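Here's the structure, in structure tokens; my notes come after.
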Amino acid sequence: MNKSHLILIYALLILCLGLAGYAIWKTPEVSTSEPSVANVQLLQSMPLSSRDTVRLFNIPTELTFAGEKVPLEIEDVKERLEREIYVNAYWQSNMILLMKRSSKFLPEIEQMLKENGIPDDFKYLAMAESALMNVASPAGARGFWQIMESTGKEYGLEVSNDVDERYHLKKATLAASKYLNKAHKRFGDWTAVAASYNMGQAGFSRRQEDQLAKDYYELYLNDETSRYLFRILAFKVIFENPGEFGFHLRESDYYQNPNFKTVTVSADIKNLASWAKQQGSNYKELKLYNPWLRDKDLNVKRGKTYEITLPE
């Protein structure tokens with residue numbers, strides 16, 4: 237490289253440095269000072285909805301479960317309720333689908349609870365247990381009310397290879413009602429009954445004895461049971477005040493069941509798919525509306541009858 241080339245390169249470098257320095261000099265200085273008082277006052281005067289990306293909810297100051305007072309004046313009780321409200325209200329997809337689904341099942345659940353002397357608020361317990369779906373837990377609980385096999389049989393449900401009535405909404409709700417009434421005779425208050433549904437009557441009774449306390453809100457419990465009643469209460473608060481939490485469903489948004497017919501069966505059905513076709517239906521509808529039918533056939537013991545529900 238000769239001397240003239242070096243001079244040209246140095247000249248270009250000096251020119252670039254000069255341009256960069258000029259650009260920096262002309263860039264306006266960024267202010268790091270605090271916002272003016274006027275700007276702060278303007279922000280504070282704006283409604284929360286226009287300046288918050290995450291909305292804060294008004295939590296009830298008074299609340300009951302099954303007619304029993306929830307002591308929201310106790311700080312940790314209020315905090316635990318808020319936790320479950322925010323967790324569920326901001327899980328919007330789950331809550332919207334639960335609301336839409338509820339119209340298919342709540343009327344029957346409400347009616348059965350009323351007929352069996354169970355407070356209406358226990359419909360929210362079914363929501364907390366299963367989100368009103370026929371789910372199965374790793375521990376072996378099944379159906380809307382998450383009933384264990386031994387408990388189901390104790391309260392009159394059939395659990396076999398062909399039939400599992402823990403998936404039968406009407407019969408499972410009746411069994412759950414019997415359990416809840418028995419627990420109420422033992423504990424004397426519905427709040428304790430709800431908690432014992434989660435951890436078992438014996439387990440809850442032991443905690444009362446060990447801690448010299450009867451009131452659920454005074455007991456130190458495992459995390460699941462500690463949150464359990466508050467999850468139920470959160471469903472109650474949101475379902476009874478949906479607009480307060482941003483849920484504005486129209487009547488047409490809710491899911492509906494078709495009109496049903498009931499077919500009484502007193503003899504074996506060797507092929508449920510073929511039988512469903514004979515009834516003017518199909519295997520999918522048979523299983524969808526009779527989830528308690530667990531196999532491809534149905535063996536009926538002498539003197540036994542079953543009622544199978546199908547769309548008209």
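Going by this note's numbering, the letters in the sequence shown line up with residues 237 to 548, in that order.
Where is the CB? At the ideal position from N, CA and C, for every residue including glycine.
Remember, predicted model here, so these are calculated numbers, not experimental data.
Checklist entry - Mind checking whether Leu-546 and Val-499 have CB atoms under 8 angstroms apart? => result In the sequence shown, the residue the question calls residue 546 occupies position 310. In the sequence shown, the residue the question calls residue 499 occupies position 263. Cβ atoms of Leu-546 and Val-499: closer than 8 angstroms.
Item to check | Length of the line joining the Cα atoms of Ile-544 and Ser-432 | outcome: Here residue 544 refers to the residue found at position 308 of the sequence shown. Here residue 432 refers to the residue found at position 196 of the sequence shown. If I take the Cα positions, the gap works out to 33 angstroms.
Checklist entry - With burial defined as no fewer than 16 other Cβ atoms inside 10 Å of the residue's Cβ, what is the status of Lys-537: buried or exposed? => result Walking along the sequence shown from the start, residue 537 turns up at place 301. Exposed, since its Cβ has fewer than 16 Cβ neighbours within 10 Å.
Item to check | For Arg-312, three-class secondary structure by DSSP | outcome: Locating residue 312 in the sequence shown gives position 76, counting from the first residue. First, the amino acid is wrong: residue 312 is Asp here, not Arg. Helix at Asp-312.
Next on the checklist: Please report the distance separating the alpha-carbon of Ala-362 from that of Phe-301.
Outcome noted: By one-based count along the sequence shown, residue 362 stands at place 126. By one-based count along the sequence shown, residue 301 stands at place 65. Distance between the alpha carbons of Ala-362 and Phe-301 is about 14 angstroms.
Checklist entry - Just the Cα atoms here: how many angstroms apart are Lys-552 and Arg-402? => result Only positions 237 to 548 of the chain appear in this structure, which leaves residue 552 out of reach.
Checklist entry - Alpha carbon to alpha carbon, what distance is there between Asn-518 and Tyr-452? => result Translated into the one-based positions of the sequence shown, residue 452 becomes position 216. Translated into the one-based positions of the sequence shown, residue 518 becomes position 282. When rounded, the distance between both Cα atoms is 48 angstroms.
Checklist entry - Is there contact here, the region 438 to 448 with the region 404 to 415, by at least three beta-carbon pairs under 8 angstroms? => result no
Checklist entry - What separation, rounded to the nearest whole angstrom, lies between the Cα atoms of Ile-383 and Glu-315? => result Taking the sequence shown and counting its residues from 1, the one referred to as residue 383 is at position 147. Taking the sequence shown and counting its residues from 1, the one referred to as residue 315 is at position 79. Spanning the two alpha carbons is a distance of roughly 30 angstroms.
Item to check | Span separating the alpha-carbon of Ser-329 from that of Leu-522 | outcome: Within the sequence shown, numbered from 1, the residue matching residue 329 stands at position 93. Within the sequence shown, numbered from 1, the residue matching residue 522 stands at position 286. Rounded to whole angstroms, Ser-329 to Leu-522 spans 28 angstroms at the Cα level.
Item to check | DSSP bridge partner residues for Phe-496 (one or two, in chain order) | outcome: In the sequence shown, the residue the question calls residue 496 occupies position 260. Answer is Pro-547.
Next on the checklist: Let's see if you can read the secondary structure: which residues bound the alpha helix (DSSP H) around Glu-385?
Outcome noted: What you label residue 385 is simply residue 149 of the sequence shown in a count that begins at 1. Its alpha helix (DSSP H) spans residues 385 to 390.
Checklist entry - Rounded to the nearest angstrom, how far is the Cβ of Ile-332 from that of Phe-483, given a contact under 8 angstroms? => result Looking up residue 332 in the sequence shown gives position 96. Looking up residue 483 in the sequence shown gives position 247. At roughly 7 angstroms, the Cβ-Cβ gap stays under 8 angstroms, so Ile-332 and Phe-483 are in contact.
Checklist entry - Tyr-433 lies in the alpha helix (DSSP H); which residues open and close that run? => result Here residue 433 refers to the residue found at position 197 of the sequence shown. Where Tyr-433 is concerned, the enclosing alpha helix (DSSP H) stretches over 426 to 435.
Next on the checklist: Less than 8 angstroms between the beta carbons of Leu-416 and Val-395, yes or no?
Outcome noted: For this step, residue 416 is matched to residue 180 along the sequence shown. For this step, residue 395 is matched to residue 159 along the sequence shown. For Leu-416 and Val-395, no; Cβs fall outside 8 angstroms.
Next on the checklist: If the criterion is Cβ atoms closer than 8 angstroms, does the pair Lys-497 and Glu-548 meet it?
Outcome noted: For this step, residue 497 is matched to residue 261 along the sequence shown. For this step, residue 548 is matched to residue 312 along the sequence shown. A contact, by the Cβ cut-off of 8 angstroms.
Next on the checklist: Please state the DSSP three-state secondary structure of Asp-356.
Outcome noted: The residue labelled residue 356 in the question sits at position 120 within the sequence shown. Residue state, collapsed to three classes: helix.
Checklist entry - For Lys-305, which option in Trp-381, Ser-338, Asp-459 and Leu-469 has the closest C-alpha, if you only look at C-alpha atoms? => result Your numbering for residue 305 matches position 69 in the sequence shown. If we check each option's Cα against that of Lys-305, Leu-469 comes out closest.
Checklist entry - If Ser-338 sits next to Leu-368, beta carbons under 8 angstroms apart, how far is it from one beta carbon to the other, in whole angstroms? => result In the sequence shown, counting from the first residue as 1, residue 338 sits at position 102. In the sequence shown, counting from the first residue as 1, residue 368 sits at position 132. Confirmed, about 6 angstroms.
Next on the checklist: Helix, strand or coil, according to DSSP, for Ile-332 in the structure here?
Outcome noted: The residue given as residue 332 occupies position 96 in the sequence shown. Three-state result, Ile-332: helix.
Checklist entry - Closest by CA to Asn-352, which one among Phe-341, Asn-526 and Lys-406? => result By 1-based counting over the sequence shown, the position of residue 352 is 116. Of Phe-341, Asn-526 and Lys-406, the residue nearest in Cα terms is Lys-406.
Item to check | Reference Glu-365, options Lys-336, Arg-463, Pro-307 and Leu-317, closest by Cα | outcome: Translated into the one-based positions of the sequence shown, residue 365 becomes position 129. It is Arg-463 whose Cα lies nearest to the Cα of Glu-365.
Next on the checklist: I'd like the span of the alpha helix (DSSP H) that includes Tyr-525, first residue to last.
Outcome noted: As a working mapping, residue 525 is identified with position 289 in the sequence shown. Counting along the chain, the alpha helix (DSSP H) containing Tyr-525 begins and ends at 519 to 525.
Checklist entry - Is it the case that the Cβ atoms of Ala-449 and Leu-457 are separated by a distance below 8 angstroms? => result By 1-based counting over the sequence shown, the position of residue 449 is 213. By 1-based counting over the sequence shown, the position of residue 457 is 221. No. Outside cutoff.
Next on the checklist: What does the alpha-carbon distance come out to for the pair Leu-465 and Ser-510?
Outcome noted: Locating residue 465 in the sequence shown gives position 229, where the first residue counts as 1. Locating residue 510 in the sequence shown gives position 274, where the first residue counts as 1. Between Leu-465 and Ser-510, the C-alpha separation is close to 45 angstroms.
Next on the checklist: Quick check: what's the CA-CA separation for Gly-303 versus Leu-393?
Outcome noted: Taking the first residue of the sequence shown as 1, we reach residue 303 at position 67. Taking the first residue of the sequence shown as 1, we reach residue 393 at position 157. Near 30 angstroms, if we compare the C-alpha coordinates of Leu-393 and Gly-303.
Checklist entry - The alpha helix (DSSP H) spanning Leu-405 covers which residue range? => result Here residue 405 refers to the residue found at position 169 when the sequence shown is read from its first residue. 405 to 423 is the span of the alpha helix (DSSP H), which, as asked, contains Leu-405.
Checklist entry - With which residues is Phe-481 paired in a DSSP beta bridge? => result The residue you call residue 481 lines up with position 245 of the sequence shown. Phe-481 is not bridged to any residue.
Checklist entry - By a C-beta neighbour count over all protein chains shown, 10 Å radius and 16 as the cutoff for buried, is Pro-271 buried or exposed? => result Reading the sequence shown from its first residue, position 35 is the one you call residue 271. Legend: pLDDT at Pro-271 = 46, less than 50; position of this residue unreliable, value from coordinates given subsequently. Pro-271 is exposed by the Cβ-count criterion.
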